[in-house]
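Step one of this worksheet: look at the structure below.
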Amino acid sequence: MKKILVIAGLTASGKTSLSIAWAKKLNGEIINGDSQQVYKGLNIGTAKIREDEMDGVPHHLIDILDYSEHFHVKAFQERCREKIDEISERKHLPILVGGTGLYLKAALYDYIFEEENDEQDDFKDVDTQTLYEELLEQDPKSCEKIHPNNRKRIVRALNMAKQGLSKSERIEKQSQKPLYDIFWCVLAPTKNLIDQRIKQRVDLMFDAGLKEEVEKYFSHKECRQYQSFQAIGYKEWAPFFEMDVNLDNIKEKIVIHTRQFAKRQKTWFKNQIPSRFVDSLNPDEIETVFGEISEWLKES
RNA sequence: GGGGGGGUAGCGAAGUGGCUAAACGCGGUUGACUGUAACUCAAUUCUCUCCGAGUUCGGCGGUUCGAAUCCGCCCCCCCCCA
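Structure (structure tokens):
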């Protein structure tokens, strides 16, 4: 099995700097595992690594899409696996770095996605309860896991059921085992520290010209419908284009949303991934983990 | 000094005699998650608890079977006029 090092973790946990340090030591190449950093131009708000920070380490799946484009797990899964193959062939270590748990897991495990027609707007006039009742007929098993209020998930499951294998059928076909030899490293500093870092980072983003970046790409109303505008750091600016708003309010919202996001990430990794958390801000712990990685790499 | 408005849970804000431990929003906490996942959704959020009990709506006192809601006094905040 191909070996892959995963550096996952909460937003603002220090993935970027650690990934560079380890990539250099391990002769690795970095694959971005972050749903928003695939967009060209959206640099400040997504906390994307800068060219000068890369320090010569090759980076993949960054800046691969125009900010107007749609992106999703299946696309990530395909591209990520391609990159893993390429890098492995070069005898380098693929290092997957990012915070989008679903993307990472879908690429690394045998999640099944099928070709589907693009947009399914059939449901837009139907209320959620009716949709849920329909799903109850089409794929009752999935209903057990989808809350009746969760329209987005219900619509998705309905689309799957209509177009091919239903959601539950797909899941049954999967082994739920990794396709690679993975070393999972989930960076999760203590709550206090992460909150502090988030605050600092948002301040830095504003200093670095977040406002200008947002204005550059999202001044036109149509652009604000793009998926890329839904990202934290961007969507909070919506009122800014409509009326006079206090920038501090926007900043505060970004901080709060980022904090809530970090919590969701923590919950996800804790319960979805067989890995322990690493306090990325504790040098001793980092060193210990690096030792374990070195051992793991020696195993054949 | 005169006139008016107001003080409700961490914050904002409903409620103007019993159905109110008190709507709703935000924030907090916990959790779910297989094609928008930086998404979407759920539970919980006065205190102690298993049912249940005990304290709340600026403060003190009163009316009432019953008060966040009515009355009196006091404290604080905002606006207008002096």
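For the first sequence, the numbering used here assigns the number 436 to the initial residue and increments by one for each residue that follows.
Positions of the beta carbon are idealized from the N, C-alpha and C atoms, including for glycine.
ask   = Roughly how many whole angstroms lie between the Cα atoms of residue 694 and residue 671?
value = Between residue 694 and residue 671, the C-alpha separation is close to 14 Å.
inquiry  = Using the three-state DSSP reduction, which class does residue 479 fall into: helix, strand or coil?
reply    = Here residue 479 sits in coil by DSSP.
query = Cα separation between residue 575 and residue 506?
reply = Between residue 575 and residue 506, the alpha-carbon positions lie close to 28 Å from each other.
ask   = Relative to the C-alpha of residue 437, which residue among 488, 518, 490 is closest?
value = Checked all of 488, 518, 490; the closest Cα to residue 437 is 518.
ask   = Among residues of its own chain, excluding the 5 on either side of residue 469, which ones have a beta-carbon nearer than 7 Å to its beta-carbon?
value = Excluding residues up to 5 positions away in sequence, 533, 534, 535 lie with their Cβ nearer than 7 Å to the Cβ of residue 469 in the same chain.
query = Within this structure, are the beta carbons of residue 573 and residue 541 separated by less than 9 Å?
reply = No. Outside cutoff.
key: Range of the contiguous beta strand (DSSP E) that encloses residue 443   = Per DSSP, residue 443 belongs to the beta strand (DSSP E) from 438-444.
ask   = The beta strand (DSSP E) spanning residue 531 covers which residue range?
value = For residue 531, the enclosing beta strand (DSSP E) stretches over residues 528-533.
ask   = Is residue 599 buried or exposed, if buried means 16 or more other CB atoms sit within 10 Å of its CB?
value = Counting Cβ neighbours within 10 Å, residue 599 comes out exposed, since fewer than 16 surround it.
message = Using the Cβ count rule (16 or more neighbours within 10 Å means buried), how would you classify residue 723?
response = Exposed: under 16 other Cβ atoms inside 10 Å.
message = With a threshold of 6 Å on Cβ separation, who are the neighbours of residue 640 within its own chain once the five nearest residues in sequence on each side are excluded?
response = For residue 640, where only same-chain residues beyond five positions count, the Cβ hits under 6 Å are 479.
query = Which residues mark the beginning and the end of the beta strand (DSSP E) in which residue 467 is found?
reply = Per DSSP, residue 467 belongs to the beta strand (DSSP E) from 463-467.
Minimum length 4: unbroken alpha helix (DSSP H) runs contained in the segment 489-571 = The segment 489-571 contains these whole alpha helix (DSSP H) runs: 508-524, 536-543.
Which of helix, strand or coil DSSP assigns to residue 642 = Residue 642: helix per DSSP, three-state reduction.
query = Is the segment 451-463 close to the segment 641-654, with three or more CB pairs under 8 Å?
reply = Taking a cut-off of 8 Å for Cβ pairs, the segment 451-463 and the segment 641-654 do not touch, as fewer than three such pairs fall below it.
task = Mark residue 494 as exposed unless 16 or more other C-beta atoms lie within 10 angstroms of its C-beta, in which case mark it buried.
result = Taking a 10 Å sphere around the C-beta of residue 494, we find 16 or more other C-beta atoms and assign the residue as buried.
key: Residues of its chain near residue 617, where Cβ-Cβ distance is below 7 Å and the 5 sequence neighbours each way are ignored   = Closer than 7 Å at the Cβ level, and outside the excluded window around residue 617, lie 439, 441, 543.
message = Quick test of the definition: if touching needs 3 or more C-beta pairs under 8 Å, does the segment 710-719 touch the segment 621-641?
response = A contact exists between the segment 710-719 and the segment 621-641.
key: Assigned secondary structure, residue 683 (DSSP; H/G/I helix, E/B strand, else coil)   = DSSP places residue 683 within a helical segment (H, G or I) once states are collapsed to three.
ask   = Roughly how many whole angstroms lie between the Cα atoms of residue 654 and residue 520?
value = As the crow flies, the alpha-carbon of residue 654 is around 40 Å from that of residue 520.
query = Looking at C-alpha atoms only, which residue of 503, 628, 568, 444 is the closest neighbour of residue 660?
reply = Of the listed residues, the one whose Cα sits closest to residue 660 is 503.
ask   = Taking just the CA atoms, how far does residue 697 sit from residue 452?
value = For residue 452 and residue 697, the gap between their C-alpha atoms comes out near 18 Å.
task = Compute the Euclidean distance between the alpha carbons of residue 717 and residue 562, then round it to the nearest angstrom.
result = C-alpha of residue 717 to C-alpha of residue 562: approximately 50 Å in a straight line.
Close-in-space but distant-in-sequence residues of the same chain around residue 633 (CB under 8 Å, 5 per side omitted) = Shown here for residue 633: same chain residues with a beta carbon closer than 8 Å to its own, the five before and five after excluded, namely 446, 447, 690, 693, 694, 697 in chain order.
inquiry  = If you reduce the DSSP assignment to three classes, tell me which class residue 453 lands in.
reply    = Residue 453: helix per DSSP, three-state reduction.
ask   = Which residues mark the beginning and the end of the beta strand (DSSP E) in which residue 617 is found?
value = First-last of the beta strand (DSSP E) with residue 617: 616-622.
query = Can you tell which of 627, 683, 492 has the C-alpha that lies nearest to the C-alpha of residue 456?
reply = Among 627, 683, 492, the Cα nearest to that of residue 456 belongs to 492.
Residue from 450, 499, 630 with nearest C-alpha to residue 488 = For residue 488, the nearest C-alpha among the options comes from 450.
inquiry  = Just to confirm, is the Cβ distance from residue 605 to residue 547 under 9 Å?
reply    = Judged by their CB atoms, residue 605 and residue 547 are nearer to each other than the 9 Å cut-off.
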